[in-house]
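Residue numbering for the sequence shown follows full-length UniProt numbering, beginning at 1 and increasing consecutively. Backbone N, C-alpha and C fix where the C-beta goes; we use that ideal spot for every residue, glycine too. Given the structure is predicted, the values throughout are model-derived calculations rather than measurements.
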Amino acid sequence: MEQIIKKLKEDARNSWSGELGEQRAEELEKYLRNKLQEYSNALKMPQKEILEAWEKDRTYSAINYYQEANQPSFKADKVIVFETVDELYQAIGDKKFRCASCGGISTNPYECNSGEEISKGKICDWKVYGLFGDLGKGVYVYIKDKLRGETIFTPISWEKVNA
Numbered sequence: 001m002e003q004i005i006k007k008l009k010e011d012a013r014n015s016w017s018g019e020l021g022e023q024r025a026e027e028l029e030k031y032l033r034n035k036l037q038e039y040s041n042a043l044k045m046p047q048k049e050i051l052e053a054w055e056k057d058r059t060y061s062a063i064n065y066y067q068e069a070n071q072p073s074f075k076a077d078k079v080i081v082f083e084t085v086d087e088l089y090q091a092i093g094d095k096k097f098r099c100a101s102c103g104g105i106s107t108n109p110y111e112c113n114s115g116e117e118i119s120k121g122k123i124c125d126w127k128v129y130g131l132f133g134d135l136g137k138g139v140y141v142y143i144k145d146k147l148r149g150e151t152i153f154t155p156i157s158w159e160k161v162n163a
């Protein structure tokens with residue numbers, strides 16, 4: 001794990017010259033250590049395993065990848081952990097999700113297909129993975145056996161439970 005962090009710091013340091021590069025490296029290390037501790041405690045998994053999974057998924061610069069949008073904090077109402085994908089599917093039940101933008105019901109957890117008209121002639125096609133994400137209205141699900149998490153629209157079945 002230390003070798004991975006060392007390499008990530010070096011990449012961050014080299015992303016900008018001088019003092020700013022060093023500052024970026026230090027901030028990245030601080031962020032990683034805090035997030036790894038948080039995830040390790042929440043998931044009851046070794047930090048090294050978590051970091052290796054993040055690195056496997058990362059397809060762009062560490063400076064841009066390692067931020068709250070990609071590794072959200074484990075707040076009880078916004079992050080739900082499942083052992084398997086099947087367990088997630090069982091918990092969701094009917095494949096109906098509340099669009100974060102129009103409030104309509106989508107059958108896709110990532111892209112609105114509700115058919116709701118949001119302005120004259122414009123049908124909602126909001127994407128939870130877009131620039132503004134879930135607008136704070138979605139949920140982050142983490143699948144332990146896949147070592148991955150992602151934000152989805154809130155399942156309708158969960159609204160009834162939490163209402």
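Among E19, I152, L8 and K146, which residue has its Cα nearest to the Cα of A62?
Taking only the C-alpha atoms, the option nearest A62 is L8.
CA-CA distance, N34 and K120?
Going from the Cα of N34 to the Cα of K120 covers about 47 Å.
Reducing DSSP to helix, strand and coil, say where S119 ends up.
Looking at S119 - three-state DSSP - the assignment turns out to be strand.
May I have the straight-line CA-CA distance separating E49 from G133, to the nearest angstrom?
Approximately 27 Å between the Cα atoms of the pair.
Quick one: which unbroken beta strand (DSSP E) runs of 3-plus residues sit fully inside the segment 28-60? Chain order, please.
Taking only runs of at least 3 residues, no beta strand (DSSP E) segment lies wholly in the segment 28-60.
Out of curiosity, what's the CA-to-CA distance linking N108 and R58?
In a straight line, the C-alpha of N108 is about 24 Å away from that of R58.
Would you mind stating whether T154 and V141 have Cβ atoms separated by less than 7 Å?
No, they are not a contact pair.
Give me the Cα-Cα distance between C112 and I80, rounded to the nearest whole angstrom.
So the two alpha carbons sit approximately 21 Å from each other.
Can you give the Cα-Cα distance for P72 and E2, rounded to whole angstroms?
Near 22 Å, if we compare the C-alpha coordinates of E2 and P72.
Excluding five sequence neighbours on each side, which residues of the same chain lie with their C-beta closer than 7 Å to the C-beta of V128?
So the list reads A100, Y110, D134, G138, T151, I152 and F153, once near-sequence residues are dropped.
If distances are taken between C-alpha atoms only, which option among S106, A25, S15 and A42 comes closest to F82?
Per the Cα distances, A42.
Taking Cβ to Cβ, would you say L51 is nearer than 7 Å to L36?
Yes, Cβ-Cβ distance for L51 and L36 is below 7 Å.
I152 bridges to which residues according to DSSP?
Paired residue(s): V139.
Give the straight-line distance between the Cα atoms of I156 and W54, rounded to the nearest whole angstrom.
Each residue's alpha carbon lies about 29 Å from the other.
Using DSSP with H/G/I as helix, E/B as strand and the rest coil, what is V85?
Correct three-state label for V85: helix.
Under DSSP, the alpha helix (DSSP H) around E10 begins and ends at which residues?
Looking at the DSSP string, the run of the alpha helix (DSSP H) that includes E10 is E2 to N14.
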